[in-house]
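A.B. asks: Just dropping this structure here.
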Amino acid sequence: RIPGRILVLHSLRYLDVAVSEPSLGVPQFMEVGFVDGVRFVRYDSEWGRLEPLTQWVKEAADPEYWDRETQINERNQQVNARNLEILRERYNQSRGLHTRQRVYGCDLLSDGSVDGSIRYGYDGRDFISFDLGSGRFVAADSAAEITRRRWEEDGTVAEGFTNYLGHECPDRLRKYVGYGQKELERKEPPAVHVSGKEEHGTLILSCHAYGFYPQTIAVNWMKGDEIWDQETEWGGVVPNSDGTFHTWARIEALPEEREQYRCRVEHPGMPEPGIFAWGEAGKVGMWEFPNGDSSSSPPHYPSCRPSSSRCSHPPHSSCQRIHSQFLQCFKAKSRDHSKRFSSCMKLSRFGQ
Numbered sequence: 001r002i003p004g005r006i007l008v009l010h011s012l013r014y015l016d017v018a019v020s021e022p023s024l025g026v027p028q029f030m031e032v033g034f035v036d037g038v039r040f041v042r043y044d045s046e047w048g049r050l051e052p053l054t055q056w057v058k059e060a061a062d063p064e065y066w067d068r069e070t071q072i073n074e075r076n077q078q079v080n081a082r083n084l085e086i087l088r089e090r091y092n093q094s095r096g097l098h099t100r101q102r103v104y105g106c107d108l109l110s111d112g113s114v115d116g117s118i119r120y121g122y123d124g125r126d127f128i129s130f131d132l133g134s135g136r137f138v139a140a141d142s143a144a145e146i147t148r149r150r151w152e153e154d155g156t157v158a159e160g161f162t163n164y165l166g167h168e169c170p171d172r173l174r175k176y177v178g179y180g181q182k183e184l185e186r187k188e189p190p191a192v193h194v195s196g197k198e199e200h201g202t203l204i205l206s207c208h209a210y211g212f213y214p215q216t217i218a219v220n221w222m223k224g225d226e227i228w229d230q231e232t233e234w235g236g237v238v239p240n241s242d243g244t245f246h247t248w249a250r251i252e253a254l255p256e257e258r259e260q261y262r263c264r265v266e267h268p269g270m271p272e273p274g275i276f277a278w279g280e281a282g283k284v285g286m287w288e289f290p291n292g293d294s295s296s297s298p299p300h301y302p303s304c305r306p307s308s309s310r311c312s313h314p315p316h317s318s319c320q321r322i323h324s325q326f327l328q329c330f331k332a333k334s335r336d337h338s339k340r341f342s343s344c345m346k347l348s349r350f351g352q
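The UniProt record's numbering numbers the first residue of the sequence shown as 1 and each following residue consecutively.
Rendered as structure tokens:
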């Protein structure tokens, strides 16, 4: 464990998307919930009811839960329809296809605290966000500034967001983790591969971690004994079709300093953090064991995971991928709406 790191133990996230011009297979409103990166519920306006996506929530939740959550989503659908009209007029846009996205949820952290955020996007661009830690709204442009001023003057919006993120959301998360404890607390260690290539006199080193669960992981590049976070570029923690995850970290180096760089991977399924080097023979990743031995192939120990830093979610960037990929996916998929919804929501997860 890297000293000072605060770990994400469990996470609850919801992604919802509203469209101004629904069509066949593209609902007016849809939402998917994730516990520790696992999709467990979904709602869309064509189906008109919240559905379970895992056996554990289907068996554990009472009938009133499904009725209550369905009613909440129906209200959110109506609110989003009005908000889409307001935003279209505020941006002085013509009628046509416009989208509003929201990603919100909370984390239970290893120090006993809670973190959370609510982030809105419009037509694939960031709009406004609220973070539990700062208690402040951050507007992305002048149109969002209007919303920020109104919400801050009102006072009750920040209070409501703080109460949800700091109390209601963590309570729900603890309940869901209890429902799905057996599945959610399983541990599958990552397979790790380190590669490198030279471009214009610069060595680009890449460290890829594959097939791990849960999604919490720390992948860091080290030069000597120091972690070089500021020089590292990270990819998001992205889901695979089998329920596991993959991610990567990349760093630029001088070719003559290649041997000084190592990739450090920490995951709950590893007995201890692993140190990986770019091997000479065949330029493949090499695992360095604590006793100094090494193996030319990435390990896949049956119980190999790290307690990771707060890297269980990619940093919030833009909603562009949610906006464009999600709609393109709906239009391109088969006519089977249920399959289309499932696969497209997997693709658009948190805009990663």
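C-beta atoms are modelled at their ideal positions from N, C-alpha and C, and glycine is treated no differently.
May I ask you to verify whether the segment 256-271 touches the segment 204-221, counting CB pairs closer than 8 Å and requiring at least 3?
C.D. replies: Enough Cβ pairs lie closer than 8 Å, so yes.
A.B. asks: Just checking my contact of Pro190 with Phe212 at CB under 8 Å: how many whole Å lie between their CB atoms?
C.D. replies: That belief holds up - the Cβ atoms of Pro190 and Phe212 are roughly 4 Å apart, short of 8 Å.
A.B. asks: List the endpoints of the continuous beta strand (DSSP E) containing Lys197.
C.D. replies: 191-199 is the extent of the beta strand (DSSP E) around Lys197.
A.B. asks: Determine the burial state of Leu97: buried for a count of at least 16 other Cβ atoms within 10 Å of its Cβ, exposed for fewer.
C.D. replies: The residue is exposed, with fewer than 16 neighbouring Cβ atoms inside 10 Å.
A.B. asks: Would you call the CB atoms of Ile146 and Phe130 closer than 7 Å?
C.D. replies: No, these two residues do not count as a Cβ contact at 7 Å.
A.B. asks: For a quick check, are the C-beta atoms of Val8 and Asp111 less than 7 Å apart?
C.D. replies: Their beta carbons are not under 7 Å apart, which means Val8 does not touch Asp111 by this criterion.
A.B. asks: For Leu327, which of helix, strand or coil comes out of DSSP?
C.D. replies: For Leu327, the predicted model reports a pLDDT of 48, less than 50, meaning its position is unreliable; a value from the coordinates is still stated below. Correct three-state label for Leu327: helix.
A.B. asks: Between which two residues does the beta strand (DSSP E) carrying Glu233 extend?
C.D. replies: Note, Glu233: beta strand (DSSP E), 232-234.
A.B. asks: Using the beta-carbon count (16 or more within 10 Å), is Gln93 buried or exposed?
C.D. replies: With fewer than 16 other Cβ atoms within 10 Å, it is exposed.
A.B. asks: Helix, strand or coil: how does DSSP classify His267 here?
C.D. replies: Note: His267 maps to coil in three-state DSSP.
A.B. asks: Exposed or buried, Arg13, counting other C-beta atoms within 10 Å across all chains shown (16 or more means buried)?
C.D. replies: Per the 10 Å Cβ criterion, buried.
A.B. asks: Determine the direct distance from the alpha carbon of Trp47 to that of Asp67, and round the result to whole angstroms.
C.D. replies: Spanning the two alpha carbons is a distance of roughly 14 Å.
A.B. asks: Should Trp248 be labelled buried (16 or more other beta-carbon atoms within 10 Å of its own) or exposed?
C.D. replies: By the 10 Å Cβ count, Trp248 comes out buried.
A.B. asks: Return the chain-ordered ranges of every alpha helix (DSSP H) run that is complete within the segment 7-81 and spans a minimum of 4 residues.
C.D. replies: Listed in chain order, they are 55-60.
A.B. asks: Tell me, to the nearest whole angstrom, how far the beta carbon of Ile204 is from that of Arg250; I am working on the premise that it is less than 8 Å.
C.D. replies: Their Cβ separation, rounded to whole angstroms, is 6 Å, which keeps Ile204 and Arg250 in contact under 8 Å.
A.B. asks: Quick one: give me the first and last residue of the alpha helix (DSSP H) that Arg174 is part of.
C.D. replies: Where Arg174 is concerned, the enclosing alpha helix (DSSP H) stretches over 169-179.
A.B. asks: I need the straight-line Cα distance from Trp116 to His167, nearest angstrom please.
C.D. replies: Note that residue 116 corresponds to Gly in the displayed sequence, not to Trp. Spanning the two alpha carbons is a distance of roughly 10 Å.
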